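A short write-up of the structure that comes next.
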Amino acid sequence: MKRYRAAVIGLGWMGLLYDLAERTADRFEIDDVNRPTPPLDIHRRTLAHRHPGDEGLPNSAAEALWIRPDIELIAGADRDRKRLDAFSERYGIQTVYTDAEEMLRRELPEIVAVCTNTKYRAHFTCLAVECGAKGIFTEKPMAHTLEEADRMVKTCADAGVPLSCGGITTTHPSFARARELVRSGAIGKLLSIDTYGPCAQHQNWMYFLESRPVWVVGGGDPPRRESGTDEFGGDALMFTEDGLVVHFRRGGLMLRLSGERGEIIYDYISAWRLWQDVEAIDGVRRVEMPWPAPNFVPPYGSVYSLADVMDCLAGEMDEPKNSGRRVAAALEVEIAAKLSSAQGGARVDLPLTNRSLGLHYDWFR
Ligand SMILES: NC(=O)c1ccc[n+]([C@@H]2O[C@H](COP(=O)([O-])OP(=O)(O)OC[C@H]3O[C@@H](n4cnc5c(N)ncnc54)[C@H](O)[C@@H]3O)[C@@H](O)[C@H]2O)c1
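Quick note: the sequence shown, position 177, residue 697 per the working numbering, numbers continuous.
Next up, the structure:
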């Protein structure tokens, strides 16, 4: 039954700790080996009866791998010895490495979770493929630069390796239902998408595009913030090859899909809602309809990002919902919006030729 051998690189909050403790906000540097780690509830179980309705799924990559019947979790890597010890103690796995490269080369895992900080994502993703990985899921943000994102996408595509880039809301099965509805014409021809920002590290919009982004205009992008990020913070418009427009609007919903005959909205708290135009005695009325299950239930986590990779390996899915290809395209749109804003709102055509362009993120990413 356990057909795939798996390993985690980076046993921090997303790799391991979120299931074992409350996150602390202690400051660290990305290359610190000794990371602030609070006391851990090493053998914690999810006790649904203690918080009914908010039971949640395991958040961490290690737990998501551990609970799958078709996967054997065999190894973990982190530069921080304390975190390796916590991994060994929880899972009874002694195969741990302070050098992730050594782990990949010696253990040759087939499924790899890359949960380091962004800086090492491209390196370990490509090395995992070189060492024979069959499926990879990473944390978000995918990468700093377009060149890194290109390398991840190409390396995985050339080797036929499904790559899912971030345990974000888009990985939830309800997003597949939403896209099915749009494709089946439930709201008529899709005219526009409205969302709070391109936010490539947690974008929900790219999954609904049927053709590639071709140009972007933007404005109001603020300078780099104190937290370290210079992710796009203004308003922008993006057009696709087939004429769809995406509005990136500050203060907007997480996602609004407007069609010729209806509308779908998604928000983290109120989940999915659907309106359709129906013939009434006095003409056409836009009426709210029940959402066909599944609907979104927070929280989300690594479970669904991994599930997409496994479904691809089983031949049941062509590409993870939050695939590297889609996230890389969203990153390019976000950078283009920044460029446009810096040029007073000039039109910026895609693809961008300068692949060394990229984003900075908050200090802890
Ligand atoms: N999907 C989400 O909702 C979500 C939530 C929080 C964080 N994140 C993302 O997850 C990533 C990881 O952050 P985190 O919050 O888990 O915190 P973190 O900084 O605690 O985790 C990173 C871990 O990777 C290890 N690491 C870094 N470089 C390494 C290397 N070269 N070799 C071996 N180990 C290495 C660190 O020692 C650390 O334990 C970040 O990029 C962050 O943006 C995603």
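Glycine residues also receive a C-beta, built at the ideal position from the N, C-alpha and C atoms. Only a predicted model underlies this, so the values are computations on that prediction, with no experimental measurement involved.
Could you check where the alpha helix (DSSP H) with residue i kicks off and where it finishes?
i: T675; result: L666 to A679
i: R793; result: R793 -> not in any alpha helix (DSSP H); beta strand (DSSP E) instead, spanning A791 to A800.
i: A584; result: A581 to W586
i: H643; result: R641 to E650
i: C832; result: S822 to L833
i: G803; result: First-last for G803: G803 to M809, but that is the beta strand (DSSP E), not the alpha helix (DSSP H).
i: A698; result: P693 to R703
i: E854; result: G844 to A862
i: L593; result: Not the alpha helix (DSSP H): L593 falls in the beta strand (DSSP E), residues I591 to A597.
i: A620; result: A620 to E627
Considering only the alpha carbon of each residue, which of the options lies closest to residue i?
i: G532; options: T658, E622, A850 and Q614; result: T658
i: S825; options: Y881, R805, L683 and P661; result: L683
i: G687; options: A582, G717 and G803; result: A582
i: R588; options: E839, D828 and A849; result: D828
i: A606; options: G652, E627, K639 and D539; result: D539
i: P818; options: R745, I789 and K602; result: I789
i: T636; options: T618, P629 and E650; result: T618
i: S694; options: N815, E592, E839 and M830; result: N815
i: A653; options: R547, D797, A527 and G782; result: A527
i: D741; options: L879, D561, G530 and A584; result: L879
i: A642; options: R564, E627, E621 and L628; result: E621
i: G782; options: N724, V632, I529 and V804; result: V804
i: A813; options: T675, D802, W792 and R806; result: W792
i: S712; options: Q723, C685, L757 and A696; result: L757
i: E746; options: E549, D882 and F644; result: D882
i: Q863; options: A633, G738, T638 and I613; result: G738
i: F759; options: G772, I784 and P733; result: P733
i: G844; options: A595, T615, R610 and T691; result: T691
i: L773; options: G763, I784 and V765; result: I784
i: Y524; options: I591, G821, G596 and N554; result: I591
i: A663; options: T873, L870, I855 and S861; result: I855
i: F884; options: E542, K522 and R555; result: R555
i: R697; options: C832, K709 and W811; result: W811
Mapping DSSP to helix, strand and coil, what is residue i?
i: C481; result: Examination of residue 481 is not possible in this model, given that the chain is present from 521 through 885 alone.
i: S747; result: coil
i: L872; result: coil
i: V634; result: strand
i: F752; result: coil
i: A526; result: strand
i: F607; result: helix
i: D714; result: strand
i: Y538; result: helix
For a cutoff of 8 Å on Cβ pairs, would you count residue i as touching chain D?
i: R793; result: In the structure shown, chain D does not exist; there is a single protein chain.
Which residues bound the beta strand (DSSP E) around residue i?
i: L729; result: Per DSSP, L729 belongs to no beta strand (DSSP E) and is neither H nor E.
i: A756; result: D755 to T760
i: I785; result: G782 to D787
i: S684; result: L683 to C685
i: R776; result: L775 to G779
i: I656; result: G655 to T658
i: V766; result: V765 to F768
Just checking my contact of residue i with residue j at CB under 8 Å: how many whole Å lie between their CB atoms?
i: W795; j: E780; result: 12 Å between Cβ atoms; not a contact.
i: L536; j: S580; result: 5 Å
i: C646; j: M672; result: 7 Å
i: A669; j: L851; result: 6 Å
i: R770; j: Y716; result: 7 Å
i: W735; j: V868; result: 6 Å
i: A679; j: V634; result: Not really, about 15 Å apart at Cβ, beyond 8 Å.
i: I613; j: L593; result: 6 Å
i: N842; j: C685; result: 6 Å
i: V553; j: D600; result: 6 Å
Can you determine whether any heavy atom of ligand 2 sits closer than 7 Å to the C-beta of residue i, and answer yes or no?
i: W725; result: Annotation note on ligand 2: not contained in the displayed structure, which lists ligand 1 as its ligands.
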